[in-house]
Amino acid sequence: MQGLAGAGGAVISRAIARDLYSGHELTRFFALLMLVNGLAPIIAPVLGGALLQFMDWRGIFGVLAAIAVLLFTLASLKLDESLPAERRSQGGIFAMLRSLGGLLTQRQFMGLCLTQGFVMAGMFAYIGASPFVLQQIYGLSPQMFSLCFAINGVGLIISAQIASRLSIHFGERKVLKGGLTLAAVSSLLLLLAASLHAPLALLMVPLFFSVAVIGIVGPTASSLAMQSQGDKAGSASALIGVSMFALGACSVPLTGLGGTSSVSMALTIVGCYAVAITLFKLLVRKAQA
18 MQGLAGAGGA VISRAIARDL YSGHELTRFF ALLMLVNGLA PIIAPVLGGA
68 LLQFMDWRGI FGVLAAIAVL LFTLASLKLD ESLPAERRSQ GGIFAMLRSL
118 GGLLTQRQFM GLCLTQGFVM AGMFAYIGAS PFVLQQIYGL SPQMFSLCFA
168 INGVGLIISA QIASRLSIHF GERKVLKGGL TLAAVSSLLL LLAASLHAPL
218 ALLMVPLFFS VAVIGIVGPT ASSLAMQSQG DKAGSASALI GVSMFALGAC
268 SVPLTGLGGT SSVSMALTIV GCYAVAITLF KLLVRKAQA
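If you want my numbering, it's the position in the sequence shown, counting the first as 1, plus 17.
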């Protein structure tokens, strides 16, 4: 139930952004959203650890319930409908399914959706495999692993803000291409470092940039995908969310297929980014042409 409710918030936030913003302003909002999403996994473990000093594990769920009540109250009192009445559609679930079906036939939208989805799958592979790689193989303590994880999270946040600024001068499409290029270079260097059993410092540099590219690709791809949807913003946002989490869930088990080495994580990230770049070239660039 928490997952279903959380998905609603993720979908609605992107749909509201599309109702209110367009162009560079939309990219700027998605960069801000990436900042929040990047801070959450950094702050949450620290906050959870602090709370456990005063309560047992059951108390954590009480805190979550209190946060949920607060969010529900704020949404009820402050969050107005962002879509004008004349643009709202009727028909319930059947209209929604027709809208989703129409999106599946849009070459450029699906290209952007899947490009972002496979890049996010690379992030899921990193999240799933990095504790084993950094703690078991490289021997980091839980505290040092948390520090490394936080540093990569900060890199993601910074790259999202840089992408927002660059899109004003160069446009979202060029920034997205640059992000995908960086994804290719950094992930291949990560694979090389893992294959050579490089020292931790030499592994962390390409890993940092392999995570940072998500902050570039995410806001720009989301902005380009959502800009053309208009009345289908809710369905488009839902499809983007489904692609990210479904592909991410599929990528995590792949990191364990190659045995107990850092190569499996690196190879999975390379594979995800390679598919993302290929789909961008086949679907987005050809659709543009």
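Heads up, the beta-carbon is just placed ideally off N, CA and C, and yes, glycines get one too.
Buried versus exposed, by CB contacts within 10 Å (16 or more), residue i
i	result
Val-80	exposed
Gly-265	buried
Ala-61	exposed
Arg-31	buried
Pro-223	buried
Val-136	buried
Gln-70	exposed
Ile-84	exposed
Ile-233	buried
Pro-216	exposed
Val-192	buried
Gly-26	exposed
Residue range of the alpha helix (DSSP H) that includes residue i
i	result
Ala-24	19-37
Gln-153	Gln-153 -> no alpha helix (DSSP H), and no H or E assigned at all.
Gly-139	124-148
Glu-189	189-212
Ser-249	It should be noted that the sequence gives Lys, not Ser, for residue 249. Per DSSP, Lys-249 belongs to no alpha helix (DSSP H) and is neither H nor E.
Met-282	279-296
Arg-75	74-95
Own chain residues within Cβ distance below 6 Å of residue i, not counting five before or after
i	result
Ser-287	Residue identity differs from the one stated: residue 287 is Val in this sequence, not Ser. Same-chain partners within the cutoff: Ser-204, Leu-208.
Ala-283	Leu-207, Leu-208, Ala-211
Asn-169	Phe-225, Val-228
Phe-162	Leu-151, Gln-152
Gly-40	none
Phe-187	none
Residue i to residue j span [Cα, whole Å]
i	j	result
Ala-34	Leu-43	7 Å
Leu-173	Val-230	7 Å
Ser-279	Leu-271	12 Å
His-214	Met-221	12 Å
Leu-197	Pro-159	32 Å
Trp-74	Ala-24	24 Å
Lys-194	Met-72	48 Å
Ala-238	Cys-130	7 Å
Val-301	Gly-156	42 Å
Gly-20	Leu-121	24 Å
Lys-249	Met-243	9 Å
Ile-185	Leu-199	19 Å
Leu-37	Ala-218	43 Å
Leu-164	Pro-148	12 Å
Leu-87	Leu-274	42 Å
Gln-125	Pro-236	16 Å
Phe-166	Ala-291	24 Å
Neighbourhood of residue i by C-beta, 7 Å cutoff - its chain only, sequence neighbours within 5 removed
i	result
Ser-240	Leu-43, Thr-44, Phe-47, Glu-189
Leu-117	Ser-252, Leu-256
Thr-285	Ala-142, Ser-268, Leu-271, Thr-272
Phe-297	Gly-128, Thr-132, Leu-197
Residue-level contact to chain D via CB, residue i, 8 Å cutoff
i	result
Ala-167	Protein chain content of the structure displayed is limited to a single chain, and chain D is not contained in it.
Own chain residues within Cβ distance below 8 Å of residue i, not counting five before or after
i	result
Ile-77	Gly-65, Leu-68, Leu-69
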